[in-house]
Structure formats: C-alpha cells, structure tokens
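Everything on this sheet refers to the single structure shown next.
Structure below.
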C-alpha cells in the first residue's frame, strides 16, 4: 500500500439513490432483453493485402442478404470513406430490411481529414493507431470540423443526419458536440479490455448502456446536469465469466466475445458458447434490461464470419419469435433508453451456469455510482472487481489531442482483479473466517428485488449463510446464519501491484488516481489496515453486517495532472 501521503478529505454525501418501490411483478417482467445487430463498414483494410475493397463490399452484401432472409432490422455504420462509395450507399438504401438503420462509424480516415481541410498524418488511408484513426488524436476544434464535414456529407446522401454514431472509443467533446448540434440519440463503444489492439477501456459500466459524463465519455455520470443525454451501449457481447481474466498476468487481454470470427473454446463462432451466452443474457436476472450487440465489421471478411453469423442469426430469429428478445436498431434502443431513464439505471448481468468445467459463476452489478463483480470458482468466492464512477474525473483527451498510438480510458478502482493479480495470486475482496482463511462456498442464488435492487445469497462449507445486496449507491454484506463464529472481509492483491490507496480510516478508505482523490465509506462496520499476509485492508462487520457506500464524493477535487501519453 502506498502510504506516502495521508490526506484529510472533506466529503459530500451526494447519494441520489432512487429506491422508489416497484412491485415484484413490475421489476423483472418489465425488463426487456434487447439485441442490436450492428455491422460497421470500412472502405479499406491495410492490415491484410488479401482484403481488397471488393472483398469488403461483398462481405456487407452477404450480411444484408442474411438479415433479409430472416426479415431482421440491422444497424449499418459507415466510415467516412465508405460513405463516399456509391456502392455502399445504393446497397444500404435499396437492399436492407425496412426499418434498418444507417449511421456513422467514427474511425477517422484520410478523405475525412482532408475534406475537413487538415493534413493526414497516417501511414495508410485508414490507420488504426489512436493518434490518427480516432477523434482523440485531434484537438477539440479539429474534432468539430470532422463532425461537420461528416454530417454534411451524410445528409447530402441520405437526406437527414445519422441518429447513431459508434466507435471503439469516442471522446466526450465529440460526443457532446454530436448531440448538441446534430441531435444524435445513441452511441456505442467497445467492451472492457486491457491493451487489445493498443486500446484500453477499463473499469466502465459493464455491458448494457449508460449516460456518459460531459468530461469523460467512458465515465458514467451521476447527475442529469453532468451527463451527455446520449446512451452509450457496450459492444461485442463480452463473456461475463472468462473475458475478464483472459491474459491474466500478461498486461493485455485476448477476446472472448459474441463476434462470429472467434470460433474455438468460446466465442461467437462456437455454437455451444453462443447458446450458453444467450441463456445467460436472455434468461437470468438483469434488473432494468439486458443488452446484446451482434454483428461484425467487414474487415474480418465473409469467409471469416460466415459460419458464426449464419449460426447466430437463426438463433436470434427463433428467440424473437418466442418473444424472448427484442431485435431492433441502435437508434430505437437509444430512444427507448432516453424515454425510460433520465439518468443511468442500475442493471445486472448474471451467469450461474458455465460452458466449461469446473464450473464458474459470476454476477455483475452496475449503477451510475459504481460497478461490482462477484466470481465463484473452484469452491472459492470473491469480489473480483469494484470500480467507482465520478463524472468530474476528466478524460486525458477532453481538451487536447492524444499523441500516443495507444488510447487509455479508466475509472476509479477499489478492487481490480486483473491489473492487481498475477496468474498465481488473484486479487480480490474475500470473506474470511475468524482464523483469516477464506471458507469454501456453495452455489449462489440471485434475486431481483423492488427498486432495482439485486440480492445474492450463498452458504459456506462452515455452515455460514451470506447475503450480498446491491443498491444504486452501495452494497451490503450480511451473515444471516453462523455469524457468531467470526468473519470479516479482506482485500488482498498480488505482491508489487501498483495500488491507489493512500490511507485507511475507521469509516473510510482514501485513494488517489492521476491526482484525483476518491474512496469508499462504511455505513455499517469499520475499516482496519490488514497489516500482514499480503492484505491491504479489512472490513469488520457491525452486528454481522457490512454496508459500503460507493456514492460519497469529495467536495474539492485535486487537479488532474496526468499526461495524455501515459
């Protein structure tokens, strides 16, 4: 633990938790399972000489044919250079299923930059490096020029502005400008990942959708005044159990997602995995709604995606006919989200079965204040992840251009089971007994409660029973049976992990990231320094209950001093 600087914080309790009572019937039954089929379109692919412009175009032709076969609406997002190509314009105007959507894909290309009156700095006509191929590599004024040029061209072709704009990552200035001037209603960005393709988006609202902060498009906002009122949907259908740990100890992650090109040992081309993933996303508890993005960019070619996509689409069509899912465009989902949620709702993703053995189980909870993840594996249980959200934490790219070929977006970690772990020692917040050991546990049950509250219950082999209840503003851990034998919770990390913690007080743990101060508070129970055995801190219960507040925010903010090249 870094104890270099103890600081006194003045905190403002800003819990705006909305715990309006809903009937048990209203809560889960009203939660739709939403699917967007999103294909985004590039005009060129310089990474593979065999992927010609004709190959890219024919891939989209086949995608359109497949959706027409099942009469399913799709969302097609065009890069600027593809927007200039008459073949794509005519195909999408004339051959897509009625009700399909055409929108914008926000990777920056040479024609786009040059039409905006700027000099292209890329190695190819499309360059995937973050300082060239994405809006973060341009100044705010340049970003507005890129938006204006794209919007003018799109309207000249399709007679209106696009309602949806997607990208692997998109900065708050661009997203705010797209909303303020052109009225877009939806966006989408990449799943959580570390280092994949040089892009790190870590600690965000896991899957589902959120309203981003005006200062950081990856950070969910807590207030209506501080948010861009454009829901950002998380793409790619990330494996809720295994994606998080893939590449553990290496500093970067692989991909286990619904993308149809991934066909072995989990992924969108593996039918066993797809059926398991759909059961988890469409049948298990989710609170407000659950979301899945299907589809694939044309760079992977029809040969690469055909097997997976032609397996997925009939499955989705069957689920639609059973009224188990809504298949709709990104714009439709965005309008529904804005109609139903003035601020980001609480949601959950649960996977209580597994397609591998031995079985693992997981629960993700999201709110506008924090996210948390529980994992059960080989008889053990831990909080694998807790990240806090604060709309005042500005992105490195808010006011200036990034100059690195990589891009990094992050939130505020309290538990990080990937970055603070090695293959042999996995970080986590664990329940420990009176001897400091983590007891083995049984399988959990998950319940949706009124007011968008999630309850998780399980027992240990020592005949203790626990309930973890997630509220919008924090969570509670209660020993409902066998508490007299003594228990606590302890955060342990791998040796040498770079941790943000500055001090441990009886009612608060204080942390600092990039000059930004944050922390968590105990409403019930107390914090103590672990002191030995590799622990960071412990939480002692009060009356067999721990209640952690994730919504308190400091009144004053230390200036964010991180450079854009870090």
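In the numbering used here, the protein residues as written are 98 to 663. C-beta atoms are modelled at their ideal positions from N, C-alpha and C, and glycine is treated no differently.
Classify residue 159 as helix, strand or coil using the three-state DSSP reduction. helix
Three-way DSSP call (helix, strand, coil) for residue 468 in this model: strand
Which listed residue (142, 570, 234 and 279) has its alpha carbon closest to that of residue 221: 142
Presumed contact (8 angstroms Cβ cut-off) between residue 307 and residue 337, rounded CB distance: Actually they are not in contact, since the Cβ atoms of residue 307 and residue 337 sit about 17 angstroms apart, beyond 8 angstroms.
Extent of the continuous alpha helix (DSSP H) to which residue 208 belongs: 207-212
Would a C-beta distance cut-off of 8 angstroms place residue 578 and residue 554 closer than the cut-off? no
Pair within 8 angstroms by beta-carbon distance, residue 671 and residue 365: In the structure as shown, the chain begins at 98 and stops at 663. Residue 671 is therefore absent and cannot be evaluated.
Residues near residue 193 in its chain [Cβ-Cβ closer than 6 angstroms; skip 5 each side]: 161
Chain B beta carbons: is any one of them nearer than 8 angstroms to that of residue 413? Absent here is chain B; the protein component of the structure consists of one chain.
Let's test the definition: count the other Cβ atoms within 10 Å of the Cβ of residue 261 and tell me whether it reaches 16, buried, or not, exposed. buried
Let me make sure I understand the geometry here. Which of 206, 607, 598 and 166 has the alpha-carbon closest to that of residue 230? 206
Candidates 199, 295 and 300: closest to residue 63 by CA position: Look at the range of the chain in this structure, 98 to 663, and you will see that residue 63 is not part of it.
Leaving out the 5 sequence neighbours to the left and right, which residues in its chain are closer than 8 angstroms to residue 315 when beta-carbon positions are compared? 266, 286, 298, 301, 309, 492, 506, 507 and 508
Using a 10 Å radius around the Cβ and a threshold of 16 neighbouring Cβ atoms, would you call residue 191 buried or exposed? exposed
Simplified DSSP assignment, three categories, for residue 597: coil
Three CB pairs or more closer than 8 angstroms across the stretch 460-475 and the stretch 273-282: no
Rounded distance between the beta-carbons of residue 395 and residue 139, thought under 8 angstroms: 6 angstroms
Would residue 586 and residue 623 be called neighbours here (beta carbons separated by less than 8 angstroms)? no
What separation, rounded to the nearest whole angstrom, lies between the Cα atoms of residue 99 and residue 641? The predicted position of residue 99 is uncertain, since its pLDDT is 41 and thus under 50; no value can be drawn from it.
Beta-carbon separation of residue 510 and residue 484 under 8 angstroms? yes
Could you check if residue 288 is buried or exposed, using at least 16 other CB atoms within 10 Å of its CB as the buried criterion? buried
8 angstroms Cβ cutoff met for residue 538 and residue 473: yes
Separation of residue 651 from residue 107, as counted between CA atoms: Note that residue 107 has pLDDT 32, beneath the 50 cutoff, so the model's placement of it is unreliable and the number below is only indicative. Using only the alpha carbons, I get a separation of about 6 angstroms.
Residues in its own chain within less than 8 angstroms of residue 163 by CB, not counting five upstream and five downstream? 406, 407 and 410
Residue nearest to residue 333 in terms of C-alpha spacing, selected from 430, 188, 392 and 387: 392
Residue 155 versus 397, 556 and 321, residue with shortest Cα-Cα distance: 397
Quick check on the DSSP output: the alpha helix (DSSP H) that includes residue 398 runs from which residue to which? 398-418
How many Å lie between residue 643 and residue 575 at the Cα? 6 angstroms
From residue 541 to residue 469, what distance separates their C-alpha atoms? 16 angstroms
Near residue 658, what residues of its chain come up, given a Cβ to Cβ distance below 6 angstroms and the 5 sequence neighbours on each side ignored? Reliability fails at residue 658, whose pLDDT of 42 lies under 50, so the model's placement of it is uncertain and the value that follows must be treated cautiously. Hits under 6 angstroms: 612.
Limits of the beta strand (DSSP E) - the one that residue 299 falls within: 296-299
Does the Cβ-Cβ distance between residue 274 and residue 244 come in under 8 angstroms? yes
Residue(s) in a DSSP beta bridge with residue 513: 482
Assigned exposure category for residue 455 - 16 Cβ within 10 Å defines buried: exposed
So, residue 440 versus residue 324, is the Cβ gap smaller than 8 angstroms? yes
Near residue 385, which residues of its chain fall below 7 angstroms by C-beta distance, leaving aside the five closest residues on each side in sequence? 128, 442, 443, 444 and 549
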